[in-house]
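The structure under discussion appears below in the form of structure tokens.
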């Protein structure tokens, strides 16, 4: 196995086991563990992560994906007024045992969405403003983490002006379309 692929595999393993949460840190730690200065791309790590998940989870992985998509749709119907879009591993079908559901909604009043979630009896685990980079630009979003039967869901409440904007995935390099309630 070539060095670059070994680093990708080790980084993917660190992500899968939850030792690291971010690709960059996983790649740096993997290279250090292997004593090399070679870093794979995020895509190479993602491909290895997908292989590890398939090797370890098999058929249960597909069953869990179906369950998570059903839960995502139910949550998106609650949030329908705010143009919810399912993104991330549940959208792509590349989940693993630690995956959560990622949904973007577009509204300028996070309190309104929090009130709706609480009214529907959903357990809010975390909430607060986050800053992230998307396409090299800094953006703010209000992040809400809620508990669902099979996993957790992370809802990013984003500026309505961002709705429909083309966004490139930092891992796969493609355009993130996601899924809407109608899809």
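In the numbering used here, the protein residues as written are 4 to 186. Glycine included, each C-beta is placed from N, C-alpha and C at the ideal position. Here the structure is a predicted model, which is why all the values come from computation and not from measurement.
Looking at the DSSP output, residue 156 shares a beta bridge with 104, 149. A contact is defined here as three or more CB-CB pairs under 8 Å, and the region 16-27 fails this definition with respect to the region 60-76.
About 6 Å separates the beta carbons of residue 36 and residue 13, which is inside the 8 Å limit, making them a contact pair. In the three-state reduction of the DSSP assignment, residue 65 falls in the helix class, which pools H, G and I. With respect to residue 154, residue 103 sits close: the two C-beta atoms are nearer than 7 Å. The DSSP-derived three-state label of residue 129 is strand. Judged by their CB atoms, residue 152 and residue 109 are not nearer to each other than the 7 Å cut-off. With a beta-carbon spacing of about 6 Å, residue 79 and residue 106 fall inside the 8 Å limit used to define contacts.
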